[in-house]
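I have placed the structure first, in the form of structure tokens, so that the comments after it can refer back to it.
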Amino acid sequence: MKPRHRRFLWIAAGLATLGVAATLVLNAFQSNLVFFFTPSQVVAKEAPQGRPFRIGGLVESGSLRRVPNSLDVHFIVTDTAQRLPVVYNGMLPDLFKEGKGVVAQGSVGPDGVFHASEVLAKHDENYMPPAAASAIEQARKDKGMSLSTLSSAK
Amino acid sequence: MIPELGHFALILAVLVALVQGVLPLIGAQRRDATLMALAKPAIRTQFLLIAFAFGCLMYSFATSDFSVANVAEHSNTQLPMRYRIAATWGSHEGSLLLWALMLAGWGAAVSLRSRNLPDVLLSRVIAVMGLVSVGFLSFLLFTSNPFLRLMPAAAEGQDLNPLLQDPGMVIHPPMLYMGYVGFSIAFAFAIAALLGGRLDATWARWSRPWTTAAWSFLTIGIALGSWWSYYVLGWGGWWFWDPVENASFMPWLVGTALLHSLAVTEKRGTFKNWTVLLAIVAFSLSLMGTFLVRSGVLTSVHAFATDPARGVFILIFLAIVIGGSLTLYAIRAGAVGGGAAFAMISRESMLLANNVLLVVACASVVLGTLYPLFLDALNLGKLSVGPPYFEAVFFPLMAPLVFLMGIGPLASWRQVKLPDLATRLKWAFMVAAVTSVLLPFTFGHWSPLVALGLFLGLWVVAATITAIWQRLSRAPQQGLAAKLAANSAAWYGMLLAHMGIAVFVIGVTLVKGYGVEQNVPLDVGQGVTIGVDTFTFRGVAPITGPNYQGLAGVVEVSRNGKVVETLRPEKRAYNSGMTMTDAAIDYGFFGDRYVSLGEPITDKGDSGAWSLRVYVKPFVDWIWGGAFLMAMGGFIAMSDRRYRLAVKQSLAGLAGARAA
Chain H
1 MKPRHRRFLW IAAGLATLGV AATLVLNAFQ SNLVFFFTPS QVVAKEAPQG
51 RPFRIGGLVE SGSLRRVPNS LDVHFIVTDT AQRLPVVYNG MLPDLFKEGK
101 GVVAQGSVGP DGVFHASEVL AKHDENYMPP AAASAIEQAR KDKGMSLSTL
151 SSAK
Chain U
155 MIPELGHFAL ILAVLVALVQ GVLPLIGAQR RDATLMALAK PAIRTQFLLI
205 AFAFGCLMYS FATSDFSVAN VAEHSNTQLP MRYRIAATWG SHEGSLLLWA
255 LMLAGWGAAV SLRSRNLPDV LLSRVIAVMG LVSVGFLSFL LFTSNPFLRL
305 MPAAAEGQDL NPLLQDPGMV IHPPMLYMGY VGFSIAFAFA IAALLGGRLD
355 ATWARWSRPW TTAAWSFLTI GIALGSWWSY YVLGWGGWWF WDPVENASFM
405 PWLVGTALLH SLAVTEKRGT FKNWTVLLAI VAFSLSLMGT FLVRSGVLTS
455 VHAFATDPAR GVFILIFLAI VIGGSLTLYA IRAGAVGGGA AFAMISRESM
505 LLANNVLLVV ACASVVLGTL YPLFLDALNL GKLSVGPPYF EAVFFPLMAP
555 LVFLMGIGPL ASWRQVKLPD LATRLKWAFM VAAVTSVLLP FTFGHWSPLV
605 ALGLFLGLWV VAATITAIWQ RLSRAPQQGL AAKLAANSAA WYGMLLAHMG
655 IAVFVIGVTL VKGYGVEQNV PLDVGQGVTI GVDTFTFRGV APITGPNYQG
705 LAGVVEVSRN GKVVETLRPE KRAYNSGMTM TDAAIDYGFF GDRYVSLGEP
755 ITDKGDSGAW SLRVYVKPFV DWIWGGAFLM AMGGFIAMSD RRYRLAVKQS
805 LAGLAGARAA
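Residue numbers (this note's numbering), protein chains in the order written: chain H, 1 to 154; chain U, 155 to 814.
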């Protein structure tokens with residue numbers, strides 16, 4: 001094999017590898033993007049059916065209800081404009097509290113209830129999940145609410 | 155008084171760093187011995203000053219001086235002494251001070267350990283590290299001063315985040331930073347080579363042990379972080395592809411590529427350009443990791459806009475370092491040159507494949523980590539990239555890499571014949587293949603992915619043993635001891651690190667394949683059976699810690715009716731207001747039993763039924779054990795005699811050449 005051919009083979013092999021890798025990566029990337037929606041968007045049916053997505057907002061005070069002797073919990077996530085009922089079967093993270101921010105991943109059923117497969121925990125109690133904060137921010141903008149009413153809602 | 159002294163020492167340190175960063179560089183350019191001679195005393199003085207400042211901050215923490223804002227925010231009098239000391243680097247400011255301390259420490263170590271380095275190269279290396287230091291120290295002083303006073307002083311401090319009150323978290327950041335910052339040496343060597351326009355085998359031999367050291371520390375740091383999240387966060391995972399974790403993993407991937415590329419540059423004088431580029435990228439990713447974790451962009455891209463000082467500073471610093479070094483690379487890479495030719499199948503080509511795979515893997519992590527941030531920053535929507543993406547990408551990239559790892563050490567440089575390799579490795583291949591097909595049956599169900607994972611791990615083990623066996627049986631020396639002593643520490647280190655990967659792969663495969671996770675509601679006296687073990691819940695009792703109140707559950711593990719272990723998972727309410735779950739883990743060579751408390755689920759409260767996580771994690775500790783072996787391999791490799799001897803010899807050679 002001449003050096004020129006060898007070099008060509010090298011380059012071809014390299015490009016092929018990169019091509020395969022890029023296809024693989026972009027494919028996986030495309031199918032694993034998880035989009036974020038606010039409770040208002042979900043209630044307005046803007047969220048996709050059948051594909052998992054994330055919601056964020058505040059856990060409404062007094063909305064947490066456990067089904068006795070099971071791991072089922074029901075609660076309501078609100079962005080202060082709309083209320084979205086959520087069901088979750090599993091263990092809630094330590095930082096899950098009524099009146100605090102939360103982010104959950106799952107999908108919405110035909111009954112309009114959000115079935116969470118994951119309730120996300122973060123490392124700090126003062127920390128408001130950015131997605132939750134932005135949901136409230138969005139609702140505030142839509143309604144023209146003032147910041148003071150928001151903090152009293154918290 | 156003490157905090158002011160620390161503050162003053164920091165100001166002096168930045169001035170010294172400025173001297174260290176500028177004058178030796180000019181000296182190296184003009185071949186001015188006086189200016190170059192400044193490099194060593196400057197870096198050592200800078201190190202002592204930062205160490206002094208760090209000591210001052212530690213003193214303020216140890217004595218609970220709440221007139222210092224940083225202490226008041228991250229410590230209190232009820233905190234045990236060891237965590238008060240660890241709190242020194244538990245905060246943003248403190249951890250950056252630790253960063254600067256390590257940078258100066260590495261620099262001082264270079265100045266001590268390289269008496270034989272040519273003055274021009276050494277001055278440039280130290281000067282580049284000085285410039286990086288200037289950046290970090292001014293960042294500390296201008297945006298994150300750890301010595302700021304609080305007026306009036308607080309009566310009592312807030313608490314250190316309870317998640318960080320843990321022995322693992324005490325040593326995790328220093329190890330991680332040793333790794334991050336250690337890549338600054340490879341970076342400084344690379345910049346020095348670009349400035350000098352010369353890069354030879356000796357250069358590679360000088361920068362190799364430092365890179366290996368940094369890589370080993372980074373490996374330990376990442377493993378500790380992973381172990382910490384396993385036993386502290388209370389849900390039994392060991393890696394979440396969280397941006398914070400990815401921030402440390404990206405430099406590791408490129409650092410691993412750099413280690414291997416340096417080997418080729420040292421032994422064969424090839425890959426020169428590429429090695430320099432990897433060194434620049436590895437350090438840039440370390441900086442980017444620091445930026446991601448420290449600027450607050452991960453919590454919220456928009457927090458950035460409300461308090462932009464820190465983020466903008468690091469961003470500008472990043473732009474200067476990365477932009478500057480890449481520009482220099484673009485101009486000077488030609489002077490450094492490529493290197494010798496090699497055949498399609500040779501050790502070089504396999505290391506090239508290793509590099510390509512690692513860099514592609516790193517790029518895919520960069521994409522998954524930064525894409526959501528970019529979209530958010532541009533207000534194009536909010537989304538996240540789930541762990542399935544990383545898993546889907548990583549497996550196909552890592553499988554060929556691990557397979558090559560078995561062949562590489564047996565392949566010779568320049569050229570190797572495939573039939574020859576096949577003959578040498580056929581037994582290793584057959585043993586690994588047969589074992590990995592049969593072994594899953596002993597665990598229960600058979601699955602192709604488990605068999606493949608086991609095959610990759612066992613293949614590396616078998617091929618490594620083959621490599622040792624063939625090397626020893628061909629050695630001319632008499633007696634096993636002499637044969638063993640004939641090989642270099644670097645070779646043993648490399649093989650041990652590869653074994654570490656094998657142990658890691660086997661651990662991951664088995665815990666993914668056969669781990670059982672059950673979240674169950676359990677009444678007092680009720681139990682759940684996983685495999686041969688029955689976990690029985692015996693209720694909870696109150697406990698009191700130094701700075702928390704809590705409940706400890708009792709879970710008995712019994713096998714054939716006999717109690718073999720009692721686990722006490724805790725739920726702690728810290729005085730600072732945070733609640734934390736403390737999992738109880740029964741560690742074992744063949745796997746862990748992992749129990750953590752959820753919540754009371756009946757209206758009877760604490761005395762009634764609870765939800766519990768009951769996990770059985772076979773071979774999970776092999777994951778961190780493997781990482782530990784990798785790091786040990788690194789430390790053994792860097793202790794190789796040739797890194798000390800070769801430097802002297804080459805200098806003798808240089809002197810001889812000059813005389814002639």
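The C-beta atom is built at its ideal place from N, Cα and C for all residues, glycine as well.
Under a Cβ-count criterion, where at least 16 other Cβ atoms within 10 Å of its own Cβ denotes burial, should histidine 5 of chain H be classed as buried or exposed?
-> exposed
Are at least three pairs of beta-carbons, each pair with one atom in the segment 264 to 281 of chain U and one in the segment 178 to 198 of chain U, less than 8 angstroms apart?
-> yes
Which residues, in chain order, does the segment 31 to 43 of chain H contribute to contact with chain U at a C-beta distance below 7 angstroms?
-> Asn32, Leu33, Val34, Phe35, Phe36
Would you mind reading off the limits of the alpha helix (DSSP H) that contains serine 370 of chain U?
-> 355 to 386
Given that asparagine 673 of chain U touches chain H, what residues does it touch there, using C-beta distances under 9 angstroms?
-> Leu71, Asn89, Gly90, Met91
Taking Cβ positions only, does threonine 78 of chain H come closer than 8 angstroms to chain U?
-> no
With C-beta atoms as the reference, is valine 881 of chain U less than 8 angstroms away from asparagine 32 of chain H?
-> Only positions 155 to 814 of chain U appear in this structure, which leaves residue 881 of chain U out of reach.
Proximity to glutamine 703 of chain U [Cα-Cα], best of U:Ala401, U:Gly679, U:Pro316, U:Tyr334 = U:Pro316
Below 8 angstroms, can you find three or more Cβ-Cβ pairs linking the segment 65 to 72 of chain H to the segment 34 to 54 of chain H?
-> no
For the segment 529 to 547 of chain U, enumerate the residues whose C-beta is nearer than 9 angstroms to any C-beta of chain H, in chain order.
-> Asp530, Gly535, Lys536, Leu537, Ser538, Val539, Gly540, Pro541, Pro542, Tyr543, Phe544, Glu545, Ala546, Val547
Could you tell me whether any Cβ in chain H is nearer than 8 angstroms to the Cβ of serine 248 of chain U?
-> The question names serine, but residue 248 of chain U in the sequence shown is glycine. With 8 angstroms as the cut-off, glycine 248 of chain U does not count as an interface residue toward chain H.
Since proline 772 of chain U sits in a beta bridge, which residues does DSSP pair it with?
-> U:Gly745
If we ignore side chains and look at the alpha-carbon of each, how far apart do glutamine 41 of chain H and asparagine 89 of chain H end up?
-> 24 angstroms
Counting along the chain, where does the beta strand (DSSP E) carrying leucine 84 of chain H start and finish?
-> 83 to 89
Using a beta-carbon distance below 8 angstroms, is threonine 297 of chain U in contact with chain H?
-> no
Quick one: does arginine 722 of chain U have its CB under 8 angstroms from some CB of chain H?
-> no
Endpoints, the alpha helix (DSSP H) within which leucine 71 of chain H is located | Neither: leucine 71 of chain H is in no alpha helix (DSSP H) and is coded neither H nor E.
With 7 angstroms as the limit, tell me which residues of the segment 726 to 738 of chain U have their beta carbon closer than that to any beta carbon of chain H; keep them in chain order.
-> Gly731, Met732, Thr733, Met734, Thr735
Taking the CB atoms as reference points, tell me whether isoleucine 655 of chain U and glycine 780 of chain U lie closer together than 8 angstroms.
-> yes
Chain U partners of serine 134 of chain H, CB-CB under 7 angstroms?
-> Lys536
With 7 angstroms as the C-beta to C-beta threshold (strictly closer), list the residues of the segment 48 to 71 of chain H near chain U in chain order.
-> Arg54, Arg66, Pro68, Asn69, Ser70, Leu71
Does any C-beta atom of chain U lie closer than 8 angstroms to the C-beta of glutamine 82 of chain H?
-> no
Residue range of the unbroken beta strand (DSSP E) whose run includes aspartate 740 of chain U | 738 to 740
Are the C-beta atoms of alanine 16 of chain H and some chain U residue less than 8 angstroms apart?
-> no
For methionine 734 of chain U: DSSP bridge partner residues = U:Arg726
Within-8 angstroms CB hit, phenylalanine 75 of chain H to chain U | no
Beta-carbon of phenylalanine 114 of chain H versus every beta-carbon of chain U: anything under 8 angstroms?
-> no
How long is the line joining the alpha carbons of glutamate 719 of chain U and valine 659 of chain U, rounded to whole angstroms?
-> 29 angstroms
What is the DSSP secondary structure of arginine 269 of chain U, counted as helix, strand or coil?
-> coil
Where the alpha helix (DSSP H) through proline 195 of chain U begins and ends = 193 to 216
Could you tell me which residues DSSP pairs with serine 712 of chain U in its beta bridges?
-> U:Thr688, U:Val717
Would you kindly work out how many angstroms separate the C-alpha atoms of serine 249 of chain U and tryptophan 243 of chain U, rounded to a whole number?
-> 4 angstroms
Supposed contact pair leucine 330 of chain U and leucine 372 of chain U - C-beta distance, whole angstroms, cut 8 angstroms | 7 angstroms
For methionine 734 of chain U, is the classification buried or exposed, using 16 other Cβ atoms within 10 angstroms of its Cβ as the cut-off for buried?
-> buried
Under 8 angstroms between the Cβ atoms of glycine 762 of chain U and proline 754 of chain U?
-> yes
In chain order, what residues of the same chain lie with their CB nearer than 7 angstroms to the CB of leucine 271 of chain U, ignoring the 5 residues before and after it?
-> Trp360
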